[in-house]
Amino acid sequence: GENVEQHPSTLSVQEGDSAVIKCTYSDSASNYFPWYKQELGKGPQLIIDIRSNVGEKKDQRIAVTLNKTAKHFSLHITETQPEDSAVYFCAATASGDYKLSFGAGTTVTVRA
Amino acid sequence: GAGVSQTPSNKVTEKGKYVELRCDPISGHTALYWYRQSLGQGPEFLIYFQGTGAADDSGLPNDRFFAVRPEGSVSTLKIQRTERGDSAVYLCASSSNTGFEMGLHFGNGTRLTVT
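Chains as they are written, first to last, in the working numbering: chain A, 73 to 184; chain B, 1240 to 1354.
This is how it looks when you write it as structure tokens:
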């Protein structure tokens, strides 16, 4: 099955700086890569996703890049704000596959 | 509209007891999923329903776990003879379809503590 590894496990950044989270996956058949943000006591919320037919996708301050050859993808948050503090999860799945395989999460703390 | 609703939000039970966890998906969503999230980990797949039937229950850890969705809407996850290792947050999610356009919508979960 799919194995997703995520780094770093914790990340502390100064407000206004950028944050980068990296993930690798093992199954070359995977072609859908969502990112979720989870706040304390809440369920994961989809913030951005990318499919294998594109290498980069951007939505305001967040962007995701995908390198299918190397089997890794990254989340970039620019101009971080205190409300960006949360746990972020990457995930991967193959087209038509309903099972998401999640990374272990990255706790992001934005210092004011 | 309303999101995925899970009840109870917290459940404390003694080892060996039976528990039921309920999920109300977003209205009209045909696909429903249960995931389990242990402390400090990402969610892990348990079971997937398409309509009333369990299309894939390969993530259920053993036969103490069972889930139903009799009318294709509300789902109940049932755990028999609970063990301390079952303690986790149980997340339910729904989506309007499966496959490439998945877009899972998660509820806030039920935190199960087995003492």
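Think of the CB as a built atom: it goes at the ideal place given N, C-alpha and C, for glycine as much as any other residue. Everything numeric in this text was worked out from a predicted model, so none of it was measured.
Have a look at the DSSP bridge pairing and note the partners of residue i.
i, result
"Leu-112 of chain A", "Leu-112 of chain A is not bridged to any residue."
"Ile-149 of chain A", "A:Ala-91, A:Ile-134"
"Lys-129 of chain A", "A:Val-136"
"Asn-1249 of chain B", "B:Arg-1350"
Applying the criterion that 16 or more other CB atoms from any shown protein chain within 10 Å of the CB defines a buried residue, is residue i buried or exposed?
i, result
"Tyr-170 of chain A", "buried"
"Leu-1316 of chain B", "buried"
"Asn-75 of chain A", "exposed"
"His-1344 of chain B", "buried"
List, in chain order, every chain A residue whose beta-carbon is nearer than 9 Å to that of residue i.
i, result
"Ala-1270 of chain B", "Tyr-170"
"Gly-1342 of chain B", "Pro-106, Leu-118, Asp-121"
Run down chain A in chain order and give the residues with a C-beta less than 8 Å from the C-beta of residue i.
i, result
"Pro-1282 of chain B", "Pro-116, Phe-161, Leu-172, Phe-174"
"Tyr-1287 of chain B", "Tyr-170, Lys-171"
Would you report the Cα separation of residue i and residue j, rounded to the nearest angstrom?
i, j, result
"Ser-1333 of chain B", "Gly-1342 of chain B", "9 Å"
"Phe-1304 of chain B", "Gln-1319 of chain B", "7 Å"
"Glu-1253 of chain B", "Gly-177 of chain A", "30 Å"
"Phe-145 of chain A", "Lys-1256 of chain B", "43 Å"
"Asp-156 of chain A", "Val-182 of chain A", "7 Å"
"Gly-1298 of chain B", "Ile-1265 of chain B", "23 Å"
"Phe-1288 of chain B", "Leu-1278 of chain B", "25 Å"
"Gln-1276 of chain B", "Leu-1330 of chain B", "7 Å"
"Thr-1321 of chain B", "Ser-102 of chain A", "34 Å"
If the cut is a Cβ gap below 8 Å, which residues of chain B does residue i touch?
i, result
"Gly-127 of chain A", "Per Cβ cutoff of 8 Å: no residues; Gly-127 of chain A is ~17 Å from chain B at best."
Taking residue i as the query, report the chain B residues whose CB atoms sit under 7 Å from its CB, ordered along the chain.
i, result
"Gly-113 of chain A", "Asn-1347"
Kindly list, in the order they appear in chain A, the residues whose Cβ is closer than 7 Å to that of residue i.
i, result
"Gly-1290 of chain B", "Near Gly-1290 of chain B there are no residues of chain A at all, since even the closest Cβ is about 13 Å away, more than 7 Å."
Using a cut-off of 9 Å between C-beta atoms, extract the partners of residue i located in chain B.
i, result
"Ala-177 of chain A", "According to the sequence provided, residue 177 of chain A is Gly. The question's Ala does not apply to it. What Gly-177 of chain A touches in chain B: Gly-1279, Gln-1280, Gly-1281."
(message) Runs of 3 residues minimum, wholly inside the stretch 1283 to 1346 of chain B: which ones carry the beta strand (DSSP E) assignment?
(response) 1283 to 1289, 1292 to 1295, 1304 to 1307, 1314 to 1318, 1327 to 1334
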